[in-house]
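S.K.:
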Amino acid sequence: MDEEKVIVFDPHDCTGCMYCMTACSTYNNGATSLSKSRIHIVRHEGHAITKITDEDDLIFDVITCQQCDQPYCLYLCPALAVERNDDTGALIINHDKCVGCRMCMVGCPFAAILYDLDKKQTVKCELCGGDPQCVRFCASGALQFLPKNLAHLPKRDRLARKMIQLRIRPIEEKPF
Amino acid sequence: MAVRIEKDENRKRFVVVGNGIAGISAAYTIRRYNKEAKIIIISEEPHPTYSPCLLPNYLSGEISRERVFIRELSDYSKDNIQFITSEKVMTLDRERKSVVLQAENIAYDKLIIATGSKPRIPSIKGIHRKGVFTFKSIEDADIICRWQGRTAVVIGSGPIGVEASLALKRRGYQVFLIELLDRILPQVFDEYPASLIQDVLKENGIDLANQERVIEILGGEHVEGVVSDRRKIECDTVLLATGMRPEKGFVEGILELGKLGGIKVNDRMGTSIQDVYACGDCAEAQSLIDGRPILSLLWHNARQQGEVAGSNAAGIPRIYTGSLHITVVDVFGLKAVSIGNIGTGLGTDLEIIEVRRNGGYRRLVLSNGVLVGVQSINWDENLGIFLAAILRKEKVKTYQDLSSIRQSRLNALKQFPFGRKLTLRYSQRVK
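Chains as they are written, first to last, in the numbering used here: chain A, 1 to 176; chain B, 1001 to 1431.
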């Protein structure tokens, strides 16, 4: 369990190329169809949480399963089809049990569960069995697959860098 | 000597009465926290645990009978849980801390009552005739599957009534659906969304009648027809879907009951007697929206209550936040979803926001500016955002407050901090 990894997303690096969506739908469906992708890139109207430059106005965000610790979908499923994979830590939908009632889809606060019209069942990100294809094909490095205990480091680096920028900024450049 | 006492402490006896989802989730929660404990599940039924929510799918023939079961008999012994089937608990001996079965007494340190609910049988003349069914247990479904009928009258149009009608229609029956109130699914949908569902039901050949009261079921030994206050219908099958009542059985007169007829519980699912917990359909917990007592006869509430009762019994305090209604009905491809309250019993300060898009319809119910419920027809993307907003008791002014992706994303992260802790990190751009 200490090797459990999570997908980490950096909106500042994302260029919105949708390679991840292409890779996901191709890997999981056998054919490329962006609407069937289990990861979705959406464009923000506003800016990111920590805005540094004006470029940050064009911000992309990712919608995919967060593999929550206390998932609501797991409670809602009347067939107990949502299970935790002990190896990867991913929540998976057991398609031998799923009856396609959409309860998990309705309950997901991240809107990360999709309904597959061909299978008549719901599908979600299952971390591709431990090798997420979205991360593998991410062109800009915005998506990373890091161990749980290291996932906080990029954010710490970012904050540290921002602090330095604030400290070394010359006084006359102050906007007010 | 000290060692022995410690060991006895670990070998506590937990007795769970009832083999529904609440009972087994309580039992498995105890097992997760306490590997040594002796756990006994007592069930009236001979089967392992099954999901009543899947019975309509079984009745319509979509899934096999095996798939209704979510546990096998061998699964219990794997987790070292003793499973006593086909035994009815007669009474509870609170002085000696034991439950009394027909042949034996079983002592407990902690008792969890999860006896579930039974269908409410209305007092209609001729209700005893052959061909009148209820639809709650797997036996009911088996009997209806074996029954050779052509025309069915379904009395009551709650979610069970509607799903049973759809299943019977798929089995080739001609179906009449009779509702006493002015609309279908009266507890979970308002007039307009209910009328949309009614239109689809009628288009697909289900004979639907509102504001109609069934007076008598005709026939000799077998059902031959139904008389209502408006008409006479010839039929050979009658299915009662007139609601559920909590099954209190052996605890009546021993435990304190609530106003609605369930076992009164506090927010840790404890009852009026120490070391006795109740969870699932038989318990009367508080509503998540307004905190009033509510009977929540739904799967996910039972499962959460079972976990809370189990972890409190095992000595790990946990608080139940409250019950919430979530109903999903698929009516011939029309996806109808209702989350939370439709606005009944919340006072007069209600506000409704209606949104229509691409043939889809959404209705948000606000009470004092706080989102308390949402109903959605044919538009089921991103509905979890509204669920998260209801859980957070969020103040909403316009629909766009919630539908903007960024806003909803942030809201969801606030509600589910675990998800945020694990995966969402905004990192530094490397220059």
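All residues carry an ideal CB built from backbone N, CA and C; glycine is no exception.
This structure is a prediction, so every number in the text was calculated from the model and none was measured.
So, for A81 of chain A: in the same chain, excluding its five sequence neighbours on each side, which residues have a beta-carbon less than 6 Å away from its beta-carbon?
M.R.: I93, N94, K97, C98
S.K.: Using a Cβ-Cβ cutoff of 8 Å, what residues of the stretch 69-92 of chain A are near chain B? List them in chain order.
M.R.: The residues in question are D69, Q70, Y72, Y75, L76, P78, A79, L80.
S.K.: Measure from the alpha carbon of A79 of chain A to the alpha carbon of each residue in B:S1074, B:I1070, B:D1079, B:T1085, then state which is nearest.
M.R.: B:I1070
S.K.: Consult DSSP for H1325 of chain B and reduce its assignment to one of helix, strand or coil.
M.R.: coil
S.K.: Quick one: does C1053 of chain B have its CB under 8 Å from some CB of chain A?
M.R.: yes
S.K.: So is D69 of chain A buried or exposed if we call it buried at 16+ other beta carbons inside 10 Å?
M.R.: So D69 of chain A ends up on the exposed side.
S.K.: Going by beta carbon distance, what residues of the same chain come within less than 8 Å of E1221 of chain B, once the five residues before and after it are set aside?
M.R.: The beta carbon of E1221 of chain B sits closer than 8 Å to those of R1129, K1130, all from its chain and outside the five residues before and after it, given in chain order.
S.K.: Suppose contacts are defined by Cβ-Cβ distances below 8 Å. Is K1232 of chain B in contact with I1206 of chain B by that definition?
M.R.: no
S.K.: When DSSP builds the beta bridges, which residues end up paired with M1244 of chain B?
M.R.: B:P1119
S.K.: Between the C-alpha atoms of K1248 of chain B and L1054 of chain B, what's the straight-line distance to the nearest angstrom?
M.R.: 24 Å
S.K.: How would you label M1090 of chain B, buried or exposed, when you count the other beta carbons within 10 angstroms and need 16 or more for buried?
M.R.: M1090 of chain B comes out exposed.
S.K.: Once DSSP output is grouped into helix, strand and coil, what is the label at Y1192 of chain B?
M.R.: The answer is helix: DSSP assigns Y1192 of chain B an H, G or I state.
S.K.: Indicate the three-state DSSP secondary structure (helix, strand or coil) for S1165 of chain B in the structure shown.
M.R.: helix
S.K.: Nearest chain B C-beta to R102 of chain A closer than 8 Å, yes or no?
M.R.: yes
S.K.: Here's the rule I'm using: 16 or more other beta-carbon atoms within 10 Å means buried, otherwise exposed. How should T1348 of chain B be labelled?
M.R.: Using a 10 angstroms sphere on the CB of T1348 of chain B, the tally of other CB atoms stays under 16, which defines it as exposed.
S.K.: With a CB to CB cut of under 6 Å and the five nearest residues on each side skipped, what residues in its chain are close to L159 of chain A?
M.R.: none
S.K.: So A1302 of chain B is in the alpha helix (DSSP H); what residue range does that whole segment cover?
M.R.: Here the alpha helix (DSSP H) through A1302 of chain B covers 1299-1313.
S.K.: Between which two residues does the beta strand (DSSP E) containing T1271 of chain B stretch?
M.R.: DSSP places T1271 of chain B outside any beta strand (DSSP E), giving it a letter other than H or E.
S.K.: What span of residues does the alpha helix (DSSP H) with I1217 of chain B cover, start to end?
M.R.: That residue, I1217 of chain B, is in no alpha helix (DSSP H); its beta strand (DSSP E) goes 1214-1219.
S.K.: For Y1028 of chain B, which of helix, strand or coil comes out of DSSP?
M.R.: The answer is helix: DSSP assigns Y1028 of chain B an H, G or I state.
S.K.: Against chain A, does Q1304 of chain B count as a neighbour if the rule is that its beta carbon must be under 8 Å from one of theirs?
M.R.: With 8 Å as the cut-off, Q1304 of chain B counts as an interface residue toward chain A.
S.K.: Under 7 Å, CB to CB, which of the residues in the stretch 101-125 of chain A have a partner in chain B?
M.R.: Closer than 7 Å at the C-beta level to chain B, one finds these residues of the stretch 101-125 of chain A: C101, R102, M103, M105, V106, G107, C108, P109, F110, A111.
S.K.: Which of the three DSSP states, helix, strand or coil, is assigned to I113 of chain A?
M.R.: Here I113 of chain A sits in coil by DSSP.
S.K.: So T1271 of chain B and P1122 of chain B are in contact, right, with Cβ under 8 Å, and what is the actual spacing, rounded?
M.R.: About 29 Å separates the two Cβ atoms, so there is no contact after all.
S.K.: If I measure Cβ to Cβ from A1435 of chain B and keep anything under 8 Å in the same chain, skipping five residues before and after, which residues do I get?
M.R.: Outside the shown range of chain B (1001 to 1431) lies residue 1435 of chain B, about which nothing can therefore be said.
S.K.: Would D1380 of chain B pass as an interface residue toward chain A - the criterion being a Cβ-Cβ separation below 8 Å?
M.R.: yes
S.K.: Have a look at B:Y1173, B:G1253, B:N1019 and flag the residue whose alpha-carbon is nearest the alpha-carbon of S1086 of chain B.
M.R.: B:N1019
S.K.: Name the chain A residues that come within less than 9 Å of I1155 of chain B, Cβ to Cβ?
M.R.: Under the 9 Å cutoff, chain A gives no residues; its nearest Cβ is about 24 Å from I1155 of chain B.
S.K.: Return the residue from the list B:C1282, B:G1359, B:E1351, B:R1268 that minimises the CA-CA distance to I1316 of chain B.
M.R.: B:R1268
S.K.: So with CB distances below 8 Å, who are the chain B contacts of V99 of chain A?
M.R.: L1054, N1057, E1062, I1063, R1067
S.K.: Taking only the alpha-carbon atoms, compute the straight-line gap between E1381 of chain B and A111 of chain A and give it to the nearest angstrom.
M.R.: 7 Å
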